[in-house]
Amino acid sequence: MSNSSISVRKFDAVIVGAGGSGLRAAIQLSEGGLKTAVLSKVFPTRSHTVAAQGGVSASLGNSEEDHWHWHMYDTVKGSDWLGDQDAIEYMCRKAPEVVVELEHFGMPFDRTDEGKIYQRPFGGHMSNFGEKPVRRACAAADRTGHAMLHALYQRNVRANTQFFVEWMALDLIRDESGQVLGVIALEMETGEVVAFHAKATIFATGGAGRIYYSSTNAFINTGDGLGMAARAGIALEDMEFWQFHPTGVAGAGVLITEGVRGEGGILRNSDNERFMERYAPNAKDLASRDVVSRAMVTEINEGRGCGPNKDFVLLDITHLDPATIMKRLPGIREISIQFAGIDPIQAPIPVVPTCHYQMGGIPTNFKGQVVAADGVPVKGFYAAGEVACASVHGANRLGTNSLLDLLVFGKSSGDSVIEDVASGEVMHQDLPAGFADRTLARLNRLNTQTGGSNVNETRLELQRTMQKHCGVFRFKDMLVEGVAKIVEIEKEVARTEIKDKSQVWNTARVEALELDNLIEVAKATLVSAEARKESRGAHVRDDAPDTPENPNGRDDANWHKHTLWQREGSSLSYKPVTMTPLTVESIALKTRSY
Amino acid sequence: MATSTMEFKIYRYDPDRDEAPYMQDMSVQVDFEIDRKLLDVLTRLKAGDDTLSYRRSCREGICGSDAMNINGKNGLACLTDIRDLKQPVVLRPLPGLPVIRDLIVDMTQFFKQYHSVKPYLINDSPRPERERLQSPEERDELNGLYECILCACCSTSCPSFWWNPDKFVGPAGLLNAYRFIADTRDEATNERLDDLEDPYRLFRCHSIMNCVDVCPKNLNPTRAIGKIKEMMVRRAI
Chain A
1 MSNSSISVRK FDAVIVGAGG SGLRAAIQLS EGGLKTAVLS KVFPTRSHTV
51 AAQGGVSASL GNSEEDHWHW HMYDTVKGSD WLGDQDAIEY MCRKAPEVVV
101 ELEHFGMPFD RTDEGKIYQR PFGGHMSNFG EKPVRRACAA ADRTGHAMLH
151 ALYQRNVRAN TQFFVEWMAL DLIRDESGQV LGVIALEMET GEVVAFHAKA
201 TIFATGGAGR IYYSSTNAFI NTGDGLGMAA RAGIALEDME FWQFHPTGVA
251 GAGVLITEGV RGEGGILRNS DNERFMERYA PNAKDLASRD VVSRAMVTEI
301 NEGRGCGPNK DFVLLDITHL DPATIMKRLP GIREISIQFA GIDPIQAPIP
351 VVPTCHYQMG GIPTNFKGQV VAADGVPVKG FYAAGEVACA SVHGANRLGT
401 NSLLDLLVFG KSSGDSVIED VASGEVMHQD LPAGFADRTL ARLNRLNTQT
451 GGSNVNETRL ELQRTMQKHC GVFRFKDMLV EGVAKIVEIE KEVARTEIKD
501 KSQVWNTARV EALELDNLIE VAKATLVSAE ARKESRGAHV RDDAPDTPEN
551 PNGRDDANWH KHTLWQREGS SLSYKPVTMT PLTVESIALK TRSY
Chain B
1 MATSTMEFKI YRYDPDRDEA PYMQDMSVQV DFEIDRKLLD VLTRLKAGDD
51 TLSYRRSCRE GICGSDAMNI NGKNGLACLT DIRDLKQPVV LRPLPGLPVI
101 RDLIVDMTQF FKQYHSVKPY LINDSPRPER ERLQSPEERD ELNGLYECIL
151 CACCSTSCPS FWWNPDKFVG PAGLLNAYRF IADTRDEATN ERLDDLEDPY
201 RLFRCHSIMN CVDVCPKNLN PTRAIGKIKE MMVRRAI
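Quick note, the sequences are listed as chains A and B, same order.
Quick note on numbering: the UniProt record's numbering labels position 58 of the first sequence as 58, and the sequence is numbered without any gaps.
Quick note on numbering: the UniProt record's numbering labels position 201 of the second sequence as 201, and the sequence is numbered without any gaps.
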């Protein structure tokens with residue numbers, strides 16, 4: 001195949017990914033009258049936003065006093081001061097507006113007795129600048145992501161959005177000036193490869209939680225946007241920061257929402273002790289996720305884990321009224337019965353910290369524009385949601401801020417595209433010669449490779465390496481060794497072989513192409529993590545311990561900065577954290593405790 | 001280790017390669033300590049034969065991708081316990097929809113019917129500054145409706161949908177129609193009822209209740225359809 005054999009379709013904008021952020025962006029563009037194509041590997045309501053459970057944060061104050069400024073403070077603190085304060089202010093101020101808008105779209109939120117949106121407490125969300133937990137998480141039972149994704153899809157049905165369902169984007173198209181001109185994509189049903197030529201391209205491809213062996217993430221979360229961006233020369237930001245959710249079902253990895261603790265659930269060790277009281281005397285079980293996950297692993301490592309192998313702790317809600325569980329947590333009851341074989345009304349749920357969320361990603365500003373290291377936007381390129389790094393989550397995300405991120409930056413990226421198209425800032429540019437060469441070479445290699453490596457085994461090796469070398473606690477030697485291993489695995493990825501050569505719905509081909517993306521993310525993660533010689537948020541290393549000079553092992557003098565990883569030469573550079581918010585005073589660096 | 005062999009008969013068809021569909025005998029070593037669900041075993045089967053094709057994503061019963069016909073009954077592979085399955089386990093694509101390949105069906109007709117009920121909130125009154133109010137009791141009316149995951153287990157188990165997939169909305173679409181009829185914030189109840197008052201769109205439902213039997217989320221489309229009929233009667237008198 002050559003370029004000339006590829007058909008080209010022209011749009012004003014192309015959105016890759018139809019989860020929360022992609023669908024929110026699509027509403028802006030469709031209602032704004034732009035000719036838009038939304039590409040998704042799966043039917044939109046199957047995107048991973050569907051699995052979010054506990055809530056979406058907004059300082060609505062429906063049950064008690066709340067303020068966006070408190071929300072902002074909590075998010076900065078949660079990020080261990082690595083989040084950019086302009087983006088964080090923007091997100092927290094916009095939260096009430098986008099959540100109310102979602103309600104107007106039809107979102108079936110639970111209600112208070114007064115008929116307002118129901119809100120529950122969540123980890124790290126406090127009133128009055130860190131005083132005590134506050135009800136800020138707007139919830140639809142424990143199916144908030146599902147309800148939200150469907151409401152957003154439904155709004156797009158109303159807006160007549162044009163979807164390309166079960167299309168996988170393979171590579172970004174950039175011209176010599178660096179402007180982004182669209183993507184090359186594969187229609188899974190037919191095997192056809194098409195170029196989507198656009199004035200503006202929004203990546204909303206989600207995270208890459210499948211780089212870990214044990215993950216709450218869906219099979220589809222393979223970091224496709226990150227892989228495409230990295231191959232096209234875009235740096236990836238803060239990739240060493242991965243969130244391990246405290247409560248994945250032991251063995252299965254399936255998520256149990258933090259909303260369980262918001263409703264009164266308690267973590268217990270083998271002594272039946274509520275151990276979080278020792279680690280976070282104030283917030284207890286509702287401390288930040290990184291703090292809770294480390295406490296759990298410490299309990300297990302010190303021999304106070306539960307079960308025959310002492311390798312999990314228990315999440316206990318047996319003291320809650322069964323009616324509350326049935327009303328507020330019906331989904332986690334279902335999950336516990338299905339995947340742990342226990343009914344949480346009667347017995348506690350076995351849980352372990354499980355890879356859940358990628359704080360890093362494609363660097364953007366709060367307008368959803370992708371930015372180069374100097375902060376200048378990459379023309380024609382936008383990103384929102386988990387694939388993007390605005391950065392609002394910094395070194396650790398607060399629960400419920402992910403769904404908020406999707407709404408706020410899905411919308412702002414859409415607005416930016418509308419503005420940039422209207423002003424003529426972005427226009428259709430000619431596709432450069434050979435724009436599809438790299439993609440076609442990848443496909444051609446897969447069609448012809450013999451004597452190569454097995455996709456499934458190579459992916460497993462990658463996942464086990466990440467799990468072992470870059471987990472909840474990190475060790476200097478293991479990180480160094482991990483980098484070397486990933487470089488070896490990268491060679492295997494370059495020679496994967498598939499037996500299935502069919503053009504029709506070839507899932508083996510899709511999985512091989514996904515592995516090309518997973519390896520970029522894994523490498524970015526390990527290389528960035530090995531280099532960051534401090535502990536901060538979710539990145540905690542043995543050689544950066546808690547000392548009086550560097551409380552919690554955080555070294556602001558040397559490491560209060562964002563990592564940027566470039567695929568070319570696997571090189572690192574750094575950029576400053578934005579400490580200046582948009583309208584309020586900077587939230588100064590402080591030791592983090594709950 | 002509690003390993004043992006599981007036997008399967010799986011519907012195979014690759015239009016690129018096969019003249020006609022066929023049932024293939026497959027077997028795989030399963031570790032009952034680790035593998036709980038049918039999807040876990042399908043993953044093992046696919047590791048041995050990468051041509052085996054099926055949809056899957058969340059593996060926890062919320063995305064609705066891996067619906068298939070398992071030993072004669074529609075269900076989600078990720079929620080089906082392997083210990084309960086009679087062997088050889090017979091896997092077929094969802095019945096009544098065109099097969100694209102192996103266990104992957106063309107869901108165009110299913111989504112067309114879903115879209116036909118205008119599955120979105122219609123309320124064109126000026127938007128208030130804050131949320132529209134709804135009492136907890138009014139919100140409770142949406143329970144058992146909004147949880148639909150569009151997996152198509154119900155509609156593809158419905159004989160009425162098999163005969164008239166182009167004219168009968170089917171249980172999933174009707175459940176979703178009622179989800180908006182039941183929403184106190186929606187202003188299009190009458191138009192919605194008008195649209196369904198049709199010998200085919202709604203009234204092909206003969207309360208066979210296969211839909212209720214197979215729904216992996218334990219939802220009850222027949223009940224929702226009954227409620228719609230009730231409302232039609234009520235507004236007629």
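Ideal Cβ placement from N, Cα and C applies to all residues, glycine included.
Give the DSSP bridge partners of A/R174, in chain order. A/V180
By Cβ distance below 7 Å, which residues in the same chain neighbour B/E141 in space, the five residues on each side in sequence not counted? A182
Please classify A/F122 as buried or exposed, where buried requires at least 16 neighbouring CB atoms within 10 angstroms. buried
Would A/A283 be called buried (16 or more neighbouring beta carbons within 10 Å of its own) or exposed? buried
Going by DSSP, which residues form a beta bridge with residue 596 of chain A? Coverage of chain A is limited to positions 1 through 594, which leaves residue 596 of chain A absent and any answer about it impossible.
For the region 107-133 of chain B, which residues have a beta carbon sitting closer than 7 Å to at least one beta carbon of chain A? H115, P119, Y120, L121, R127, R130, E131, R132, L133
From the DSSP secondary-structure annotation, give me the bridge partner or partners of A/N454. A/E497
Under 9 Å from the C-beta of residue 610 of chain A: neighbouring residues of chain B: Here chain A has residues from 1 to 594 only, and residue 610 of chain A is not among them.
Chain A beta carbons: is any one of them nearer than 8 Å to that of B/K229? no
Is it the case that the Cβ atoms of A/I418 and A/L29 are separated by a distance below 8 Å? yes
Leaving out the 5 sequence neighbours to the left and right, which residues in its chain are closer than 6 Å to A/M228 when beta-carbon positions are compared? D171, L172
Proximal chain A residues relative to B/T51, where beta-carbon distance stays under 8 Å: K499, D500, S502, A508
Is the region 109-124 of chain A touching the region 421-439 of chain A in the sense that three or more CB pairs, one from each, lie closer than 8 Å? no
Within 8 Å of any Cβ in chain B, is that where the Cβ of A/H48 sits? yes
Below 8 Å between beta carbons: does that hold for A/V530 and A/L446? The sequence given here has Glu at residue 530 of chain A, not Val. No, Cβ-Cβ distance for A/E530 and A/L446 is not below 8 Å.
Determine, using beta-carbon pairs with one atom in the region 221-237 of chain A and one in the region 334-349 of chain A, whether at least three such pairs fall under 8 Å. no
Evaluate A/L406 with the Cβ neighbour count: other Cβ atoms within 10 Å of its Cβ, from every protein chain shown; 16 or more gives buried, anything less gives exposed. buried
So with CB distances below 8 Å, who are the chain B contacts of A/A372? Per Cβ cutoff of 8 Å: no residues; A/A372 is ~33 Å from chain B at best.
Assign A/W565 to one of three DSSP states: helix, strand, or coil. strand
Residues of its chain near B/L193, where Cβ-Cβ distance is below 8 Å and the 5 sequence neighbours each way are ignored: I181, I228, M231, M232, R235
Residues near A/V8 in its chain [Cβ-Cβ closer than 6 Å; skip 5 each side]: A195, H197
So which residues of chain B does A/D51 contact, with C-beta pairs closer than 8 Å? Sequence inspection shows Ala at residue 51 of chain A; the Asp mentioned does not correspond to that position. Result: C58, E60, I62, C63.
To which residues of the same chain is A/S416 closer than 8 Å at the C-beta, ignoring the five residues directly before and after it? K367, G368, Q369, Y382
My parser needs the alpha helix (DSSP H) runs of 4 or more residues fully inside the region 10-90 of chain A; what are they? 20-31, 68-78
Per DSSP, B/R101 forms a beta bridge with which residues? B/I104
Where does B/P121 land, buried or exposed, given buried means 16+ other C-beta within 10 angstroms? Sequence inspection shows Leu at residue 121 of chain B; the Pro mentioned does not correspond to that position. Counting Cβ neighbours within 10 Å, B/L121 comes out buried, since at least 16 surround it.
How many Å lie between B/I62 and B/Y146 at the Cα? 12 Å
Examine chain A for any beta-carbon lying closer than 8 Å to the beta-carbon of B/Y11, and answer yes or no. no
Between which residues of its own chain and A/M1 is the CB-CB distance below 6 Å, once the five residues before and five after are set aside? A caution first: A/M1 carries a pLDDT of 47, below 50, which makes its placement in the model unreliable, though a value can still be read off. Excluding residues within five positions, the ones whose Cβ falls inside 6 Å are L440.
Just the C-alpha distance for B/V90 and A/I266, rounded to the nearest angstrom, thanks. 43 Å
Going straight from the alpha carbon of B/I225 to that of B/C205, what length do you get? 8 Å
Counting along the chain, where does the alpha helix (DSSP H) carrying B/N210 start and finish? 210-214
Is B/Y11 helix, strand or coil by DSSP? strand
Beta-carbon within less than 7 Å of A/S586's beta-carbon, same chain only, minus the 5 sequence neighbours each way: which residues are those? Q85, M579, T580
May I ask which residues mark the beginning and end of the beta strand (DSSP E) holding A/L518? No beta strand (DSSP E) contains A/L518, which is instead part of the alpha helix (DSSP H) from 507-531.
According to DSSP, simplified to helix, strand and coil, what is B/I70? strand
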